[in-house]
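Student:
Residue numbers (this note's numbering), protein chains in the order written: chain A, 262 to 377; chain B, 82 to 197.
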């Protein structure tokens, strides 16, 4: 069954508005979650590492004030795209590691964001 | 800095034939993990196979096998007996530093098309 639940699966918003994406760990508590962004026909680019109870760690070039990450509980991380613009239109996908040794990274089903 | 490279943007294979998807990596960490994921057009990330840097044998999972050549820093995915449902994007990814936690960095991806 699914390990990670991500919501919404798609969203259309107007330029200048903010959008919140939720990522839930279903099977276990996750102190760390990862947020990726994927443009069409491109690879997954790591945006940030979400740490429960502390600040997220952002990758170089990712604006932390634009992409707000909140990991307030051990099962929920949220990504808020603030003041969205058309260039923020992308596929956002969250993930977390499994508990077993050598477990793969489990992914949510992603959120397709379109900013008009 | 870690780097992972997939040099084949697109590949074609005849149904029931085998195909090899290339992946090379670069890291100075002696402990790392290599992963392959499949991403169909729906966007979900499907874990296929894992190879640890200290694993003595090449990983296999059903029709998937990983041709791990440590000295050459390559981790090619071999899909045997291709099926139409194998048509998708395939990503190679690497995690540095041990068996758990850490960031997963992806290659550029290879789009595989299986011909009937």
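All residues carry an ideal CB built from backbone N, CA and C; glycine is no exception.
Does the segment 128-141 of chain B come close enough to the segment 93-104 of chain B that 3 or more CB-CB pairs lie under 8 Å?
Tutor: Short answer: they don't touch.
Student: I'd like to confirm the pairing. Which residues does DSSP put opposite residue 134 of chain B in its beta bridges?
Tutor: Bridge partners of residue 134 of chain B: none, in fact.
Student: Do residue 158 of chain B and residue 165 of chain B have their C-beta atoms within less than 8 Å of each other?
Tutor: For residue 158 of chain B and residue 165 of chain B, no; Cβs fall outside 8 Å.
Student: Name the chain A residues whose beta carbon is nearer than 8 Å to that of residue 128 of chain B?
Tutor: Per Cβ cutoff of 8 Å: 365, 366 and 367.
Student: May I have the straight-line CA-CA distance separating residue 87 of chain B from residue 338 of chain A, to the nearest angstrom?
Tutor: Each residue's alpha carbon lies about 31 Å from the other.
Student: Which residues in chain B sit within 9 Å of residue 282 of chain A, going by Cβ to Cβ distance?
Tutor: Chain B residues near residue 282 of chain A: none, gap ~14 Å exceeds 9 Å.
Student: Can you name the residues of chain A whose CB is closer than 8 Å to the CB of residue 185 of chain B?
Tutor: Ordered by position in chain A, the residues that pass the 8 Å Cβ test against residue 185 of chain B are 295, 307, 356 and 366.
Student: Determine, for residue 276 of chain A, whether the minimum Cβ-Cβ distance to residues of chain B falls below 8 Å.
Tutor: So, not an interface residue.
Student: Do we get a CB-CB distance below 8 Å when we pair residue 310 of chain A with the residues of chain B?
Tutor: It does; some Cβ of chain B falls within 8 Å.
Student: Would you please state the rounded distance, in angstroms, between the beta carbons of residue 191 of chain B and residue 121 of chain B? I believe it to be under 8 Å.
Tutor: That pair is no contact at about 14 Å.
Student: Check whether the segment 364-371 of chain A touches the segment 335-350 of chain A, taking contact to mean three or more Cβ pairs, one atom from each stretch, closer than 8 Å.
Tutor: The segment 364-371 of chain A is not in contact with the segment 335-350 of chain A.
Student: If we ignore side chains and look at the alpha-carbon of each, how far apart do residue 324 of chain A and residue 349 of chain A end up?
Tutor: So the alpha carbons of these two residues sit roughly 12 Å apart.
Student: Considering only C-alpha positions, which residue in the set A/280, A/265 and A/297 is nearest to residue 272 of chain A?
Tutor: Taking only the C-alpha atoms, the option nearest residue 272 of chain A is A/280.
Student: Using the Cα positions of residue 345 of chain A and residue 276 of chain A, report the straight-line distance between them to the nearest angstrom.
Tutor: Using only the alpha carbons, I get a separation of about 5 Å.
Student: Tell me which residues share the same chain as residue 370 of chain A and place their Cβ nearer than 7 Å to its Cβ, disregarding the 5 neighbours each side in the sequence.
Tutor: Answer for residue 370 of chain A: 267 and 270, listed in chain order.
Student: Under 8 Å Cβ-Cβ, which residues of chain A neighbour residue 116 of chain B?
Tutor: Going along chain A in sequence order, the residues near residue 116 of chain B (Cβ under 8 Å) are 365 and 366.
Student: Just the C-alpha distance for residue 297 of chain A and residue 373 of chain A, rounded to the nearest angstrom, thanks.
Tutor: So the two alpha carbons sit approximately 12 Å from each other.
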